[in-house]
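Novice: In our numbering, the protein residues as written are 75 to 585.
Built from N, CA and C at the ideal position, the CB exists for glycine as well.
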RNA sequence: GCCCCGAUGGUGUAGCCCGGCCCAUCAUCUCGGCCUGUCGAGCCGAGGACACGGAUUCAAAUUCCGUUCGGGGCGCCA
């Protein structure tokens, strides 16, 4: 055991947390605990005050009785919301308290007072818009329903890493600063690299393939990728996390099997986060517009009642009661938003899923579905959002699209040997949302070169890419999964920015 | 890149169509006061906003033009 020989005389002194707020239950009744966190709310009733302290696990009630602990009462009731405190106290059972118990403090420490007003209320009863929230993300992230998103992200990443590890994949890291585009096509961000011009990598594709040539056999990488495209939608970012795998001696069906396993693990791990899912649901079940409508209605009525009461008071008559918030909120007919992860898991039967799996749907069938709904598409077109919406009606959950036309896929995708007009490329979708794309890659150098020519690309510009293929490249397949896209599906978020701590889009680089 | 829409206190909004009844609505919030069981606390009082620039008009939050910032849809993609 390592002894801490330093003197503990700083602000914290010898104070150390013994419990998170959410970790105190019946077994702790009667014990002395130390909790640390933010002042969520204080309700001061005069002789007694109730302070809600909050950490990442939840909140609990500190009860302050003025007559018994006047110093502590005075020290805490004047604090602003979101100040940081530590409280040592006794966990006391009390059926009147919110969770059946409360903390009666013995000692308290104020570590940081918060300025007022807050640019974004953490405990406020109005919902700020996403842009306001992102501008003040450090406050936004204090909300439990927002933190829950990132807890779920942590859980699914842990699950997927373990799953890939179990399947024999080795985790690697590849450069994000590169000299040239690895795939061509997309716009890249330029970087001043000493005296040269470099780029932020759009995909680890080339490096993954080099490692196949190096005999690493099965690798995965979880890292950022950068796209300089000027898209501006609820599902695009200019920096996002890609989970990439590549495997040797494998065709696209092997890669699909790995993907299905990994996604199923992610879904299962997310569905185990019951508390987090619940808090996301709770945080969203009311809608601003509805609240405002009702508030306005009742606020105006109350104002009228108050005016009447002034008159009645002067006449010595009985006063009318004001409308209470309880009635106000009861007037709202609000149904919780059902989260996708739950609706998927409600119908999810592990045995059934293992048997049937996620459907493999041929591109051709997708075209059929869209055409039957009178969407103007034909073989060879990319699937537009309009077309995807019709396919979503038939396949509302996870499914793969296979057998894509070779001509709309990149030069490095392996065509089918007997039907070269279709290729070994696949997408994983959830409804109309694309989550992953992958393929068996071309490993034969002469085919690569002729493909380049066919796509009107000059093989000379791809020397850097082609070199490893000259010296023994095994057949290989892989995919890249957009972590944020998967998170959107799992948490039911409509905007990809919700599932990124500090999103980078076309207009936002701060904070 | 294309098309549509918007900007009112710290936050979320009403008012805008039909200019004057607006030194601007309601809630939340902040501050002060009362209250010993709150738990979406309550009650009393106070505070705080028409994005910026120009035009029309006797009169502009409201109409028009420009700028800036934001939202939605599509394209492309993950």
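1. So, does the stretch 100–109 touch the stretch 144–157, judging by three or more C-beta pairs under 8 angstroms?
2. If you follow the beta strand (DSSP E) that residue 297 is part of, which residue opens it and which one closes it?
3. Taking contact to mean at least 3 C-beta pairs separated by less than 8 angstroms, is the stretch 279–290 in contact with the stretch 548–563?
4. With 16 other CB atoms within 10 Å as the buried threshold, where does residue 338 fall?
5. Cα separation between residue 86 and residue 222?
6. State the Cα-Cα distance for the pair residue 214 and residue 534, rounded to the nearest angstrom.
7. Rounding to the nearest angstrom, what Cα-Cα distance links residue 190 and residue 474 in this structure?
8. Hey, out of 341, 333, 209 and 158, whose CA is closest to residue 188's CA?
9. Taking the CB atoms as reference points, tell me whether residue 322 and residue 291 lie closer together than 8 angstroms.
10. Is it a yes or a no for the stretch 470–484 touching the stretch 493–501, going by three-plus beta-carbon pairs under 8 angstroms?
11. Between the stretch 299–319 and the stretch 561–578, do at least 3 Cβ pairs fall closer than 8 angstroms?
12. Report the option in 178, 209 and 199 whose CA atom is closest to the CA atom of residue 193.
13. Just grab the DSSP bridge partners of residue 550 for me.
14. So, helix, strand or coil for residue 261, using DSSP?
15. Considering only residues of the same chain and omitting the five flanking positions on each side of residue 184, which have a CB-CB separation below 6 angstroms?
16. Could you give the first and the last residue of the continuous beta strand (DSSP E) run that contains residue 500?
17. Hey, residue 247 and residue 295: beta-carbon distance below 8 angstroms or not?
18. According to DSSP, which residues form a beta bridge with residue 139?
19. Taking the beta strand (DSSP E) that residue 270 falls in, what are its first and last residues?
20. Using the C-alpha atoms, what's the distance from residue 230 back to residue 536?
21. In this structure, how does DSSP classify residue 389 when only helix, strand and coil are distinguished?
22. Give the secondary structure of residue 543 by DSSP, where H, G and I count as helix, E and B as strand, and everything else as coil.
23. Tell me the DSSP bridge mates of residue 555?
24. Within 10 angstroms of the Cβ of residue 514, are there 16 or more other Cβ atoms? Answer buried if so, exposed if not.
25. With C-beta atoms as the reference, is residue 226 less than 8 angstroms away from residue 347?
26. Go through its chain and collect everything with a Cβ distance to residue 437's Cβ below 6 angstroms, but skip five positions before and after it.
27. If you pair each beta-carbon of the stretch 197–205 with each one of the stretch 324–335, do three or more pairs fall below 8 angstroms?
28. How long is the line joining the alpha carbons of residue 455 and residue 466, rounded to whole angstroms?
29. Starting from residue 459, trace the alpha helix (DSSP H) both ways and give me its first and last residue.
30. Any idea which residues DSSP pairs residue 175 with across the strands?
31. Contact check, residue 244 vs residue 275 under 8 angstroms by CB: the rounded distance?
32. Applying the criterion that 16 or more other CB atoms from any shown protein chain within 10 Å of the CB defines a buried residue, is residue 483 buried or exposed?
33. Span of the alpha helix (DSSP H) holding residue 446?
34. Nearest-angstrom Cα distance between residue 569 and residue 218?
35. So residue 122 and residue 145 are in contact, right, with Cβ under 8 angstroms, and what is the actual spacing, rounded?
36. For residue 383 and residue 353, I'd like the C-alpha separation in whole angstroms.
Specialist: Judging by the given coordinates:
1. The stretch 100–109 makes no contact with the stretch 144–157, as fewer than three CB pairs between them are under 8 angstroms.
2. Looking at the DSSP string, the run of the beta strand (DSSP E) that includes residue 297 is 292–300.
3. In short, these stretches touch, since the Cβ pair count reaches three.
4. That one is buried.
5. Rounded to the nearest angstrom, the two C-alpha atoms are 28 angstroms apart.
6. Each residue's Cα considered, the two are about 50 angstroms apart.
7. The straight-line gap from Cα to Cα measures roughly 51 angstroms.
8. Residue 158 is the option with its Cα nearest to residue 188.
9. Using a Cβ distance threshold of 8 angstroms, residue 322 and residue 291 count as a contacting pair.
10. With contact defined as three or more Cβ pairs closer than 8 angstroms, the stretch 470–484 and the stretch 493–501 are in contact.
11. Touching, yes.
12. Comparing Cα positions, the closest option is 209.
13. Residue pairing by DSSP places residue 550 opposite 322 in a beta bridge.
14. DSSP, read as helix, strand or coil, puts residue 261 in coil.
15. Setting aside the 5 residues that flank it on each side, residue 184 is surrounded in the same chain by 159, each with a C-beta closer than 6 angstroms to its C-beta; the list follows chain order.
16. Note, residue 500: beta strand (DSSP E), 499–504.
17. Yes, these two residues count as a Cβ contact at 8 angstroms.
18. In DSSP, residue 139 forms a bridge with 122.
19. From DSSP, the beta strand (DSSP E) with residue 270 extends over 270–274.
20. Distance between residue 536 and residue 230, taken at the CA atoms: about 37 angstroms.
21. Residue 389: coil per DSSP, three-state reduction.
22. Three-state DSSP puts residue 543 in a helix.
23. Beta-bridge pairing links residue 555 to 317 and 510.
24. Around the beta carbon of residue 514, 16 or more other beta carbons sit within 10 angstroms, so the residue counts as buried.
25. In contact: residue 226 and residue 347 (Cβ atoms closer than 8 angstroms).
26. Cβ neighbours of residue 437 within its own chain (closer than 6 angstroms, five residues either side excluded): 475, 477 and 478.
27. Segment contact: the stretch 197–205 against the stretch 324–335, fewer than three CB-CB distances shorter than 8 angstroms; contact not assigned.
28. Going by the C-alpha atoms only, they are around 18 angstroms apart.
29. Residue 459: member of the alpha helix (DSSP H) spanning 459–468, first to last residue.
30. Paired residue(s): 167.
31. Not really, about 20 angstroms apart at Cβ, beyond 8 angstroms.
32. It is buried - the Cβ of residue 483 has at least 16 other Cβ atoms within 10 Å.
33. Note, residue 446: alpha helix (DSSP H), 437–446.
34. About 18 angstroms.
35. Contact between residue 122 and residue 145 fails: their C-beta atoms lie close to 15 angstroms from each other, not under 8 angstroms.
36. Roughly 41 angstroms separates the two Cα atoms.
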